[in-house]
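A.B. asks: For the sequence shown, UniProt numbering begins at 1 and goes up steadily by one.
We put the beta carbon where it would ideally sit given N, CA and C, even for glycine.
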Amino acid sequence: SSLEDNSPEHTTGQKRSRNDAGNKVTVVLGAQWGDEGKGKVVDLLATEADFVCRCQGGNNAGHTVVVDGKEYDFHLLPSGIINPKSVSLIGNGVVIHLPGLFEEGDKNEKKGLKGWEKRLIVSDRAHLVFDFHQVVDGLQETERQAQEGKNIGTTKKGIGPAYSSKASRTGLRVCDLLGDFKDFSARFKNLVRQYQSMYPSLTVDVEDQLKKLKAVGELLQTRGHEVGVTTGRKRRCGWLDLVIVRYAHMINGFTAIALTKLDILDVLDEIKVGVAYKLNGKRIPHFPANMDVLQKVEVEYETFPGWKTDTSAARKWNDLPAKAQNYIRFIENHIGVPIKWVGVGKSRECMIQMF
C-alpha cells in the first residue's frame, strides 16, 4: 500500500510522529492490484486519527486486521473502527449493501469489537446496493464470458451495477430509504423494471425485497449513531511491479510508502522486481492505457539474492538482514518516494517505522 500524507517530511532525518500536528488529512491508497495491506496501514494510522473515512467502493473490499491475536475482517466498515477513540465514516461515494453492513458488524462484535455502532457515521447521500444488483453483477460476468471469452473477475457484490444506477441517476440513496417509503417503493419498482428489460432472466420478488428494506431502514435508525476479505478465492501473486507503482505515484503524488508483507519473501533464494515493460523487444516509457497492450508486454526484472532469514521478529531497521535492507533501498530509490513502514507480519506490532 502507499501513503500520501501531505506533510513536508523526511528532510531532517529526524524521527517524526506519524501524523504531524498541521496534517489535516492522511490518504491511504493501494499502489498494486489490490490486497496490498491497506487495512493494516489504516489501523496503524487510526490510533492517532479523529476520523477514519471510506470514500468509495463497497463490500467488495476485504481488509483483515489482527489485534491481540484476534483477526477482524472488514468489507464495508472502515478498518479504523477498531480504535475506540476515533469516529468511522462511510462517505457518500461508497455504495452500501445495508444487510451486509449489519452482518459484518455483528460478526466482528462476536469476536470482541465493542461499541462500533456508536462511533460509525453513515452518509445519507450514499447510494444503496440491492440484492438484485448482485444478481445482475453475476449475469454481466456470464455475458462477458460468453461474448468476449473473458470476464472481469468481479466479486459479484453488485458494486458495478450500483455505480451504474448512480451514474444514470436512477439509483436510490440512504436518505431515500429513510424518507417517504411510498415514494421509495415506487422508485425501487421502476429500477427493477429497468434491469428486467435488460436482463429478461432476472427475477425479483419486489414485495419481499421492499419488506426487508423497510426493516433494515428502521434498523439503521435505531442502531446507527448518526444518519447523515471477500470472495474466498486464492490470490494471484506475482513479483513487485515498480512500473505500476511509479505510475500510481505520478497520478497520486505519494509522500511515503508502506511496504507490506516483506516476510513472505524470507524463504526465497532470489527475489525479482519488475522495473520496466518491453513491447516488441523495446522498452516503453509509459504505463499502457490499453489493456490489450498491457497483456502483451514483457516485463524486465531486476534480480536480488534472497536473505533466507526469518524477518517476522524484526521491530526496527537494524533487525533486518543486509540483503533485505538493500532490497528496500532499491525500491525506495527506484520510485523516488521514501518508505516509511515495512510490514513483516499480520499484527499491528509487525510494522517497522522507518522515521
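For residue 295, is the classification buried or exposed, using 16 other Cβ atoms within 10 angstroms of its Cβ as the cut-off for buried?
C.D. replies: The residue in question, residue 295, is exposed, as its Cβ has fewer than 16 Cβ neighbours within 10 Å.
A.B. asks: Going by DSSP, name the residue or residues bridged to residue 33.
C.D. replies: DSSP output for residue 33 lists no bridge partner at all.
A.B. asks: I think residue 209 touches residue 330, with their Cβ atoms under 8 Å apart; what is that distance to the nearest whole Å?
C.D. replies: Actually they do not touch by this definition, with Cβ atoms about 54 Å apart.
A.B. asks: Report buried or exposed for residue 344, applying the criterion of at least 16 other Cβ atoms within 10 angstroms of its Cβ.
C.D. replies: By the 16-neighbour rule on beta-carbons within 10 angstroms, residue 344 is buried.
A.B. asks: Is residue 351 helix, strand or coil when you go by DSSP?
C.D. replies: If DSSP states are grouped into helix, strand and coil, residue 351 belongs with the strands.
A.B. asks: Taking the C-alpha atoms as reference points, what is the distance between residue 106 and residue 114?
C.D. replies: Looking at the two C-alpha atoms, the distance is approximately 10 Å.
A.B. asks: Using DSSP with H/G/I as helix, E/B as strand and the rest coil, what is residue 317?
C.D. replies: Residue state, collapsed to three classes: helix.
A.B. asks: Rounded C-beta distance between residue 136 and residue 257? I'm assuming under 8 Å.
C.D. replies: Not really, about 37 Å apart at Cβ, beyond 8 Å.
A.B. asks: List in chain order: all unbroken alpha helix (DSSP H) runs of 4+ residues lying wholly within the region 87-129.
C.D. replies: 98-110
A.B. asks: Along the chain, where does the beta strand (DSSP E) that runs through residue 142 open and close?
C.D. replies: Looking at the DSSP string, residue 142 is not in any beta strand (DSSP E); the run it does join, the alpha helix (DSSP H), is 131-148.
A.B. asks: If you follow the alpha helix (DSSP H) that residue 167 is part of, which residue opens it and which one closes it?
C.D. replies: 159-167
A.B. asks: Could you have a look at residue 287 and say whether DSSP puts it in helix, strand or coil?
C.D. replies: coil
A.B. asks: One question on the structure: do residue 305 and residue 216 come within less than 8 Å of each other, judged by their Cβ atoms?
C.D. replies: no
A.B. asks: Rounded to whole angstroms, how far is the Cβ of residue 243 from the Cβ of residue 281, which I believe are closer than 8 Å?
C.D. replies: That belief does not hold up - the Cβ atoms of residue 243 and residue 281 are roughly 17 Å apart, past 8 Å.
A.B. asks: According to DSSP, is residue 181 helix, strand or coil?
C.D. replies: helix
A.B. asks: Are residue 93 and residue 76 touching if we call contact CB-CB under 8 Å?
C.D. replies: no
A.B. asks: Mind the definition here: the region 109-128 touches the region 190-208 only if three or more C-beta pairs lie below 8 Å; say whether that holds.
C.D. replies: no
A.B. asks: Taking the Cβ atom as the reference point for each residue, do residue 88 and residue 43 lie within a distance shorter than 8 Å?
C.D. replies: no
A.B. asks: With DSSP run on the structure shown, which of helix, strand or coil describes residue 73?
C.D. replies: strand
A.B. asks: Using the Cα positions of residue 342 and residue 255, report the straight-line distance between them to the nearest angstrom.
C.D. replies: Cα-Cα distance, rounded: 15 Å.
A.B. asks: Taking the alpha helix (DSSP H) that residue 39 falls in, what are its first and last residues?
C.D. replies: Boundaries of the alpha helix (DSSP H) harbouring residue 39: 38-46, taken from the DSSP string.
A.B. asks: By the 10 Å Cβ neighbour count, where 16 or more other Cβ atoms means buried, how is residue 63 classified, buried or exposed?
C.D. replies: buried
A.B. asks: Figure out for me which residue from 352, 310, 54, 49 has the closest Cα to the Cα of residue 74.
C.D. replies: 54
A.B. asks: Hey, how far is the Cα of residue 194 from the Cα of residue 188?
C.D. replies: 10 Å
A.B. asks: CB-CB under 6 Å to residue 139, same chain, minus the five flanking residues each way: which ones, in chain order?
C.D. replies: Cβ within range, chain order: 199.
A.B. asks: Would you call residue 318 buried or exposed, if buried means 16 or more other Cβ atoms sit within 10 Å of its Cβ?
C.D. replies: Here residue 318 is exposed: its Cβ has fewer than 16 other Cβ atoms, across all protein chains shown, within 10 Å.
A.B. asks: May I ask you to check if the CB of residue 146 is nearer than 7 Å to at least one heavy atom of the ligand GDP?
C.D. replies: Although the ligand GDP was asked about, the structure shown includes no ligands whatsoever.
A.B. asks: Alpha carbon to alpha carbon, what distance is there between residue 285 and residue 38?
C.D. replies: 28 Å
A.B. asks: Quick check: what's the CA-CA separation for residue 178 versus residue 218?
C.D. replies: 8 Å
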